[in-house]
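Visitor: To start, I am sharing the structure in question, which I have written as structure tokens.
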Amino acid sequence: MDFYVFLIIAAISSGTPLLFAVLGGILSERSGVIFLGAEGTMLIGAVVSCLTFVQTNNLLLATLAALAAAGGMGLLHAFLCVTLRANQTVCGLALTLFGTGLSAYLGKPVAGQALAVAVPRIKLPWLESIPFAGRILSNLDVFVWLSFALVMLLYLYMYKTSWGLHLRAVGDNPATSDVMGLSVSVTRYIHVVACSMLMGLAGSYLIMVYSPNWIEGMTSGRGWIAVALIILAAWNPLYALGGAYLFGGLDALGFRMQLMDIGIPSYFLKMLPYVVTILVLMAVGWRNRNKPSVEPKALGIPYMREQRF
Amino acid sequence: MNHVVKRFGDVVANDRVDFSVARGEIHALLGENGAGKSTVMSLLSGIYRADSGELFVHGERVRIRSPRDAMQLGIGMVHQNFRLVATLTALDNIILGEKKQPWRGASWKRKKAKEISELCEQYGLQFPIDAPVWQLSVGEQQRVEIVKTLYRGADIILLDEPTSVLTPSEAERLFMTLRELKQSGKTIVITTHKLKEVMAAADRISVMRKGRMIASLDRKDTNAKELAELMVGRALNDAGEVPAGQAGAAIMAVQEMTVLADHGYRALNGISFEVKEGEIIGVAGVAGNGQKELAEAIAGLRSWASGTMTCLGERMEGASIRRRIDKGISLIPEDRMKSGLAGSLGLVDNLMLKSYRGNERFRMGVLRNKDNERWAAQLIDRFDVRTPSLTVPVRGLSGGNQQKLLLAREIDQKPKLMVAVHPTQGLDVGATESVHQMLLDLRDSSAGVLLISEDLDEVMRLSDRILVLYGGNIVGELSKTEIDKDRIGRMMAGIGDSEEAAR
Numbered sequence: 100m101d102f103y104v105f106l107i108i109a110a111i112s113s114g115t116p117l118l119f120a121v122l123g124g125i126l127s128e129r130s131g132v133i134f135l136g137a138e139g140t141m142l143i144g145a146v147v148s149c150l151t152f153v154q155t156n157n158l159l160l161a162t163l164a165a166l167a168a169a170g171g172m173g174l175l176h177a178f179l180c181v182t183l184r185a186n187q188t189v190c191g192l193a194l195t196l197f198g199t200g201l202s203a204y205l206g207k208p209v210a211g212q213a214l215a216v217a218v219p220r221i222k223l224p225w226l227e228s229i230p231f232a233g234r235i236l237s238n239l240d241v242f243v244w245l246s247f248a249l250v251m252l253l254y255l256y257m258y259k260t261s262w263g264l265h266l267r268a269v270g271d272n273p274a275t276s277d278v279m280g281l282s283v284s285v286t287r288y289i290h291v292v293a294c295s296m297l298m299g300l301a302g303s304y305l306i307m308v309y310s311p312n313w314i315e316g317m318t319s320g321r322g323w324i325a326v327a328l329i330i331l332a333a334w335n336p337l338y339a340l341g342g343a344y345l346f347g348g349l350d351a352l353g354f355r356m357q358l359m360d361i362g363i364p365s366y367f368l369k370m371l372p373y374v375v376t377i378l379v380l381m382a383v384g385w386r387n388r389n390k391p392s393v394e395p396k397a398l399g400i401p402y403m404r405e406q407r408f
Numbered sequence: 036m037n038h039v040v041k042r043f044g045d046v047v048a049n050d051r052v053d054f055s056v057a058r059g060e061i062h063a064l065l066g067e068n069g070a071g072k073s074t075v076m077s078l079l080s081g082i083y084r085a086d087s088g089e090l091f092v093h094g095e096r097v098r099i100r101s102p103r104d105a106m107q108l109g110i111g112m113v114h115q116n117f118r119l120v121a122t123l124t125a126l127d128n129i130i131l132g133e134k135k136q137p138w139r140g141a142s143w144k145r146k147k148a149k150e151i152s153e154l155c156e157q158y159g160l161q162f163p164i165d166a167p168v169w170q171l172s173v174g175e176q177q178r179v180e181i182v183k184t185l186y187r188g189a190d191i192i193l194l195d196e197p198t199s200v201l202t203p204s205e206a207e208r209l210f211m212t213l214r215e216l217k218q219s220g221k222t223i224v225i226t227t228h229k230l231k232e233v234m235a236a237a238d239r240i241s242v243m244r245k246g247r248m249i250a251s252l253d254r255k256d257t258n259a260k261e262l263a264e265l266m267v268g269r270a271l272n273d274a275g276e277v278p279a280g281q282a283g284a285a286i287m288a289v290q291e292m293t294v295l296a297d298h299g300y301r302a303l304n305g306i307s308f309e310v311k312e313g314e315i316i317g318v319a320g321v322a323g324n325g326q327k328e329l330a331e332a333i334a335g336l337r338s339w340a341s342g343t344m345t346c347l348g349e350r351m352e353g354a355s356i357r358r359r360i361d362k363g364i365s366l367i368p369e370d371r372m373k374s375g376l377a378g379s380l381g382l383v384d385n386l387m388l389k390s391y392r393g394n395e396r397f398r399m400g401v402l403r404n405k406d407n408e409r410w411a412a413q414l415i416d417r418f419d420v421r422t423p424s425l426t427v428p429v430r431g432l433s434g435g436n437q438q439k440l441l442l443a444r445e446i447d448q449k450p451k452l453m454v455a456v457h458p459t460q461g462l463d464v465g466a467t468e469s470v471h472q473m474l475l476d477l478r479d480s481s482a483g484v485l486l487i488s489e490d491l492d493e494v495m496r497l498s499d500r501i502l503v504l505y506g507g508n509i510v511g512e513l514s515k516t517e518i519d520k521d522r523i524g525r526m527m528a529g530i531g532d533s534e535e536a537a538r
């Protein structure tokens with residue numbers, strides 16, 4: 100029993116940064132812009148968060164600083180990809196390389212330094228009485244509750260508001276949206292910046308909660324996993340929750356199995372989440388092979404009003 | 036509009052165009068492809084901005100800088116390629132762009148659905164409002180577009196080539212709708228190059244040619260012949276009857292061909308037919324009834340679910356594209372720039388795309404550039420491709436010259452069977468004539484041609500036999516002597532001679 104409780108708590112803890120990043124990615128890609136800068140943006144978020152915390156010892160300030168820095172990265176991406184119509188893949192890769200390098204440089208002074216962060220947990224006494232689930236739910240920190248709230252909010256935003264309708268329309272058919280009097284550029288700017296801020300929040304969570312000391316390249320590929328999970332989640336925030344926790348759970352399971360020492364080389368256990376991601380993508384692709392793709396149709400294509408054919 | 040000029044690079048699409056429409060009339064803008072009609076429409080609807088000139092709406096000078104400006108002036112446009120988001124429902128598409136009331140709960144949606152249904156009823160425009168748009172037929176999508184402009188309060192409605200995607204009966208229904216709209220005080224502008232429609236539906240007609248406005252006439256004062264001459268810019272000699280071909284032995288026989296479309300439904304439903312030497316088989320039908328899949332399956336671009344194809348005594352349904360090419364099957368694809376030519380390469384390279392392997396083009400691993408250029412120059416001369424040089428990227432050529440280049444490459448391969456998909460789409464009269472002549476010459480050299488086209492007049496003129504496709508079945512086969520436009524039109528709409536399979 101305890102094993103499962105701890106496993107699930109570990110899964111949530113490991114899945115939450117992914118969840119933030121995936122939710123962000125969904126926003127950006129729904130507006131038609133691929134954001135491959137996830138890894139770099141998360142690192143920048145983490146390092147800025149870490150530095151701010153060392154200076155101020157204030158969790159809120161550290162988080163806000165991460166949001167601002169990551170938002171800056173998103174603004175840069177939007178400027179390059181929306182205004183200058185640069186290739187989105189190249190821009191994203193450049194952003195990741197830039198973020199990785201810059202974060203390593205900025206993080207030098209604080210590398211390896213343990214942060215004494217006390218992330219508030221939300222105690223809900225009436226929840227604890229529920230068997231099993233109560234023990235999990237009563238042990239979650241504010242970030243996790245924030246991520247739950249974001250999933251619901253983004254779902255309602257995308258499917259129940261006019262702004263969400265505009266977002267989906269811009270990502271599927273910018274020319275039509277333009278004719279309907281919606282601004283393609285503004286929609287894209289807003290969502291790309293929101294995306295990068297969520298990715299910064301993911302980085303902030305990594306350093307404030309998941310492993311509170313800065314190590315160069317500490318995201319270790321989570322940004323890329325998030326990019327894959329966007330597709331797995333079919334650009335829907337509700338599915339993102341499942342995808343992120345599936346991955347987080349496998350991550351935690353691999354770690355636990357390593358502790359139990361069952362004779363499988365640790366490299367294979369570390370591969371587990373990635374292998375399962377590939378398998379799930381294959382399964383989903385096979386099941387949907389005859390259905391129209393849910394991918395935003397204009398994903399990756401810069402929009403230009405007077406462009407002919 | 037007054038003296039409006041619009042350029043794209045060096046091309047002047049509208050050269051000092053004056054154009055005026057009176058309130059409450061149906062005005063037809065007539066001209067060939069590339070005459071600048073669509074540009075005029077796009078300028079009025081704010082998609083393009085004029086380089087110079089003035090626009091007036093209800094007597095006031097206005098600037099239309101974006102589609103939103105146009106909308107505020109009460110101008111709504113129905114584009115030739117519909118501006119609908121395919122994954123959204125019809126309702127969502129209609130209310131897209133509405134900014135009031137951000138929260139959209141169930142009751143709000145019900146209210147809007149009711150409002151829109153009432154609008155539909157008022158003008159007799161029917162479509163399922165809760166279905167995603169990609170599931171609607173083309174006619175229904177067009178109705179969604181019209182309702183969309185009405186819903187947004189347009190009183191000037193622009194329709195760009197509205198009938199190009201419709202069957203004759205659907206077009207008839209559209210014109211009834213337009214007349215009804217006119218009755219209720221709306222102003223309507225349509226562009227078209229079909230004279231018959233103009234004479235049937237319009238009150239006033241403006242003719243454009245090569246970016247210039249040639250004339251504006253009342254329908255009462257003119258006739259089809261005069262309009263045609265204005266449109267083309269010279270007296271027309273009636274395109275005479277095409278002599279029938281001499282059908283010989285069968286080149287290709289298709290039995291029980293079943294092919295799946297992209298989304299897994301059956302695009303072709305066990306059809307069988309034959310193509311013989313020296314004949315042109317026309318395939319008529321409204322877009323989306325299996326024509327695309329038919330061409331792709333024959334050329335080897337799409338796999339067969341079942342059925343057989345025998346080509347000159349050899350079973351070919353499972354053959355690779357390469358084997359089919361070697362056997363003499365040639366394809367003129369629907370989108371010449373997408374799957375016919377390599378846009379950034381020059382003319383010589385494009386001509387070599389299918390023959391580069393041969394010894395004439397290629398020796399010991401090295402291209403024989405001198406020889407190739409001489410050969411290319413000959414072909415270009417023979418097929419009358421007009422180009423500044425042999426090495427310019429073919430992207431820059433006009434559509435007609437691109438198509439002639441493509442046909443030059445294919446015909447030089449001496450194909451036994453040519454599948455030509457919309458071979459004259461977007462071409463002007465001159466280029467269309469040349470392409471038709473090339474196809475007829477090919478037929479007379481005892482090759483078989485499968486001509487797939489949405490242009491019914493083209494199919495009827497060139498074909499020795501016509502197959503009508505509807506819903507993935509061959510619903511009719513007519514020989515040259517039986518060709519009758521009304522009958523084919525009925526078949527295209529699924530109302531066969533025998534069965535009443537109409538929707």
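In order, the protein sequences belong to chains X and F. If you're matching positions, the first sequence starts at 100 in the working numbering and goes up one per residue. If you're matching positions, the second sequence starts at 36 in the working numbering and goes up one per residue. Note that the Cβ used here is the ideal one computed from N, Cα and C, for glycine as well. Keep in mind the model is a prediction, meaning the values are calculated, not measured.
#1: On the three-pair Cβ rule with 8 angstroms, is the stretch 334 to 349 of chain F touching the stretch 282 to 297 of chain F?
#2: Regarding Leu388 of chain F and the ligand ADP, is the C-beta to nearest heavy atom distance less than 7 angstroms?
#3: Reducing DSSP to helix, strand and coil, say where Asp240 of chain X ends up.
#4: Mind checking which residues open and close the alpha helix (DSSP H) that includes Ser152 of chain F?
#5: Excluding sequence positions up to five away, which residues of its chain have a Cβ less than 6 angstroms from the Cβ of Leu236 of chain X?
#6: Along the chain, where does the beta strand (DSSP E) that runs through Ala288 of chain F open and close?
#7: Cutting at 6 angstroms between CB atoms, please list the residues of its own chain near Val420 of chain F, excluding the five before and the five after it.
#8: Is the Cβ-Cβ distance between Leu474 of chain F and Leu486 of chain F less than 8 angstroms?
#9: Which one of X:Gly348, X:Met279, X:Ile314, X:Arg386 has the shortest CA to CA distance from Gln107 of chain F?
#10: Less than 8 angstroms between the beta carbons of Leu303 of chain F and Gly507 of chain F, yes or no?
#11: Within this structure, are the beta carbons of Ser130 of chain X and Val291 of chain X separated by less than 8 angstroms?
#12: Are Leu193 of chain F and Ile110 of chain F closer than 8 angstroms when you measure CB to CB?
#13: Taking its Cβ as the centre, do 16 or more other Cβ atoms sit within 10 Å of Gln472 of chain F, making it buried, or is it exposed?
#14: My guess is that Leu209 of chain F and Ile223 of chain F are in contact by the Cβ rule of under 8 angstroms, so how many angstroms apart are they, rounded?
#15: Is Asp271 of chain X helix, strand or coil by DSSP?
#16: Where Glu395 of chain F and Met387 of chain F are concerned, what is the direct C-alpha to C-alpha distance, given to the nearest angstrom?
#17: Among F:Ser55, F:Glu67, F:Val56, F:Ala482, which one has its Cα closest to the Cα of Glu264 of chain F?
#18: Between the alpha carbons of Lys137 of chain F and Leu249 of chain X, how many angstroms are there, rounded?
#19: Does Phe152 of chain X pass the burial test, meaning 16 or more other C-beta atoms within 10 Å, or should it be called exposed?
#20: Any idea if Asn238 of chain X is buried or exposed, counting beta-carbon neighbours within 10 angstroms, 16 or more meaning buried?
#21: Taking 8 angstroms as the CB-CB limit, is Leu281 of chain X close to chain F?
#22: Under three-state DSSP, which class holds Pro167 of chain F?
#23: Where does the unbroken beta strand (DSSP E) through Phe418 of chain F begin, and where does it stop?
#24: Alpha carbon to alpha carbon, how far is Glu535 of chain F from Ile518 of chain F?
#25: Since Glu331 of chain F sits in a beta bridge, which residues does DSSP pair it with?
#26: Residues bridged to His93 of chain F by DSSP?
#27: Put Trp262 of chain X into one of helix, strand or coil per three-state DSSP.
#28: What residues in its chain sit with their C-beta under 7 angstroms from that of Ala343 of chain X, if we drop five residues either side in the sequence?
#29: Closest to Gln281 of chain F by C-alpha separation, out of F:Lys515, F:Asp50, F:Gly524, F:Pro102, would be which residue?
#30: Exposed or buried, what is Gly283 of chain F when buried is set at 16 or more other beta-carbons lying within 10 Å of its beta-carbon?
#31: Please report the Cβ distance between Thr199 of chain X and Gly316 of chain X, rounded to the nearest whole angstrom; I am assuming they are in contact, meaning their Cβ atoms lie under 8 angstroms.
#32: Indicate whether at least one CB of chain X lies closer than 8 angstroms to the CB of Val120 of chain F.
#33: Name the two residues that bound the continuous beta strand (DSSP E) containing His62 of chain F.
#34: Under 8 angstroms between the Cβ atoms of Gly299 of chain X and Thr140 of chain X?
#35: Output the distance between the C-alpha atoms of Val310 of chain F and Pro423 of chain F, rounded to the nearest integer angstrom.
#36: Have a look at the DSSP bridge pairing and note the partners of Ile235 of chain X.
Guide: With the structure as the only source:
#1: yes
#2: Inclusion of the ligand ADP in the displayed structure is not the case, the ligand content being empty and no account of it being possible.
#3: Your numbering for residue 240 of chain X matches position 141 in the first sequence. Secondary structure at Asp240 of chain X: strand, using DSSP grouped into helix, strand and coil.
#4: Here the question's residue 152 of chain F lines up with position 117 in the second sequence. First-last of the alpha helix (DSSP H) with Ser152 of chain F: 141 to 158.
#5: Numbered from its first residue, the first sequence carries residue 236 of chain X at position 137. The residues are Leu226.
#6: As a working mapping, residue 288 of chain F is identified with position 253 in the second sequence. Taken as a continuous stretch (DSSP letters only), the beta strand (DSSP E) holding Ala288 of chain F covers 285 to 295.
#7: Along the second sequence, read from residue 1 onward, the residue named residue 420 of chain F stands at position 385. Excluding residues within five positions, the ones whose Cβ falls inside 6 angstroms are Asn436, Lys439, Leu440.
#8: Reading the second sequence from its first residue, position 439 is the one you call residue 474 of chain F. Reading the second sequence from its first residue, position 451 is the one you call residue 486 of chain F. Yes; because the gap between Cβ atoms is below 8 angstroms, this pair is in contact.
#9: Locating residue 107 of chain F in the second sequence gives position 72, where the first residue counts as 1. Measuring from the Cα of Gln107 of chain F, the nearest candidate turns out to be X:Met279.
#10: Walking along the second sequence from the start, residue 303 of chain F turns up at place 268. Walking along the second sequence from the start, residue 507 of chain F turns up at place 472. Their beta carbons are under 8 angstroms apart, which means Leu303 of chain F touches Gly507 of chain F by this criterion.
#11: For the purposes of this step, residue 130 of chain X is taken as the residue at position 31 of the first sequence. For the purposes of this step, residue 291 of chain X is taken as the residue at position 192 of the first sequence. In this structure, Val291 of chain X lies closer than 8 angstroms to Ser130 of chain X by Cβ.
#12: Mapped onto the second sequence, residue 193 of chain F falls at position 158. Mapped onto the second sequence, residue 110 of chain F falls at position 75. In contact: Leu193 of chain F and Ile110 of chain F (Cβ atoms closer than 8 angstroms).
#13: Position 437 of the second sequence, counted from the first residue, corresponds to residue 472 of chain F. Exposed is the call here.
#14: Counted from its first residue, the second sequence places residue 209 of chain F at position 174. Counted from its first residue, the second sequence places residue 223 of chain F at position 188. With 8 angstroms as the limit, Leu209 of chain F and Ile223 of chain F do not qualify as a contact, their Cβ atoms being about 11 angstroms apart.
#15: What you label residue 271 of chain X is simply residue 172 of the first sequence in a count that begins at 1. Asp271 of chain X falls in the helix class under three-state DSSP.
#16: Within the second sequence, residue 395 of chain F is the residue found at index 360, counting from 1. Within the second sequence, residue 387 of chain F is the residue found at index 352, counting from 1. Between Glu395 of chain F and Met387 of chain F, the C-alpha separation is close to 10 angstroms.
#17: Locating residue 264 of chain F in the second sequence gives position 229, where the first residue counts as 1. For Glu264 of chain F, the nearest C-alpha among the options comes from F:Glu67.
#18: Here residue 137 of chain F corresponds to residue number 102 of the second sequence, with the count starting at 1. Here residue 249 of chain X corresponds to residue number 150 of the first sequence, with the count starting at 1. A quick correction: the sequence has Pro, not Lys, at residue 137 of chain F. Each residue's alpha carbon lies about 18 angstroms from the other.
#19: Residue mapping note: residue 152 of chain X aligns to position 53 of the first sequence, counting from 1. So Phe152 of chain X ends up on the buried side.
#20: Looking up residue 238 of chain X in the first sequence gives position 139. Buried is the call here.
#21: Within the first sequence, residue 281 of chain X is the residue found at index 182, counting from 1. By this cut-off, Leu281 of chain X is an interface position.
#22: By one-based count along the second sequence, residue 167 of chain F stands at place 132. If DSSP states are grouped into helix, strand and coil, Pro167 of chain F belongs with the strands.
#23: Within the second sequence, numbered from 1, the residue matching residue 418 of chain F stands at position 383. Note, Phe418 of chain F: premise wrong, no beta strand (DSSP E); not H, not E.
#24: For the purposes of this step, residue 535 of chain F is taken as the residue at position 500 of the second sequence. For the purposes of this step, residue 518 of chain F is taken as the residue at position 483 of the second sequence. With a pLDDT of 42 at Glu535 of chain F, under the threshold of 50, the modelled position of this residue cannot be trusted; read the value that follows with caution. CA-CA distance, Glu535 of chain F to Ile518 of chain F, rounds to 20 angstroms.
#25: Working through the second sequence from its first residue, we reach residue 331 of chain F at position 296. Answer is none; Glu331 of chain F lacks a bridge partner.
#26: Looking up residue 93 of chain F in the second sequence gives position 58. Paired residues: none, contrary to the question.
#27: Walking along the first sequence from the start, residue 262 of chain X turns up at place 163. Look at Trp262 of chain X here: in three-state DSSP terms it is helix.
#28: Here the question's residue 343 of chain X lines up with position 244 in the first sequence. Once the five neighbours on either side are set aside, the close Cβ partners of Ala343 of chain X are Gly114, Leu117, Leu118, Val121, Leu328.
#29: Working through the second sequence from its first residue, we reach residue 281 of chain F at position 246. Closest option to Gln281 of chain F, Cα to Cα, is F:Lys515.
#30: Against the second sequence, residue 283 of chain F aligns to sequence position 248. Gly283 of chain F comes out exposed.
#31: Taking the first residue of the first sequence as position 1, residue 199 of chain X is located at position 100. Taking the first residue of the first sequence as position 1, residue 316 of chain X is located at position 217. Correct: roughly 6 angstroms between the Cβ atoms.
#32: As a working note, residue 120 of chain F is residue 85 in the second sequence. It does: the Cβ of Val120 of chain F has a partner Cβ on chain X nearer than 8 angstroms.
#33: Working through the second sequence from its first residue, we reach residue 62 of chain F at position 27. First-last of the beta strand (DSSP E) with His62 of chain F: 61 to 65.
#34: Counted from its first residue, the first sequence places residue 299 of chain X at position 200. Counted from its first residue, the first sequence places residue 140 of chain X at position 41. In this structure, Thr140 of chain X lies closer than 8 angstroms to Gly299 of chain X by Cβ.
#35: For this step, residue 310 of chain F is matched to residue 275 along the second sequence. For this step, residue 423 of chain F is matched to residue 388 along the second sequence. Distance between the alpha carbons of Val310 of chain F and Pro423 of chain F is about 39 angstroms.
#36: As a position in the first sequence, residue 235 of chain X is number 136, starting the count at 1. According to DSSP, Ile235 of chain X bridges with nothing at all.
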